[in-house]
Structures are given as C-alpha cells and as structure tokens.
C-alpha cells in the first residue's frame, strides 16, 4: 500500500495523455494525492472538457485485502464517489 501511495504521489499534479477507443488523444489533469495509507484517492479531470468531467480512483487496504476502485464511467463534478465505494467494500471485509 505504501509503495502504491508513493507511485501515485509521483503522478500527482501531472497532465497525462491517453488514447480513447475512437483513436483520439485525450489529456487528463491529475490532482494531488488525497489521504494516507491504508486509504488514498486521486482525482483526474479531462483537460478542455466542459463542466469538470472527471474520474476518481481509490485504493484502500484492510487485513489482507486491497480494494482498488476506479469510478466507472466518470462524471461531472466527481467528488468522493470512489472513496465512498471503497469504504463500503472495506467495511464488508471488516464485518466478516
């Protein structure tokens, strides 16, 4: 978990380029890393998109389980949906 946090921290505040299914290049602005192990998130916003189109990735660990959530489909004004989903999954593991 600590290793992943360090890698994510190195990517924070960077702009990356990806190629979508249509073959178009899309740029994403990565935000600052949020949280500390065992629960971290990284938000990304599509550069040039209107209305703050973005995504959130969350990584959480409990016991011997690591939960890796990438908010599927992204959305407008993504806030903390990835962390909330990861927290619910971690709570289920803790409840066992």
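In our numbering, the protein residues as written are 92 to 187.
Cβ atoms here follow ideal geometry from the backbone N, Cα and C, with glycine treated the same way.
Note to self: The alpha helix (DSSP H) that contains residue 93, what's its start and end?
What the structure shows: 93 to 102
Item checked: DSSP beta-bridge partners of residue 148 -> 133, 161
Check: Hey, out of 155, 186, 182, 159, whose CA is closest to residue 147's CA?
Finding: 159
Item checked: Reduced DSSP secondary structure (H/G/I, E/B, other) of residue 142 -> helix
Next item on the list: Specify the secondary structure class of residue 176 as computed by DSSP and reduced to three states.
Entry: Three-state DSSP puts residue 176 in a helix.
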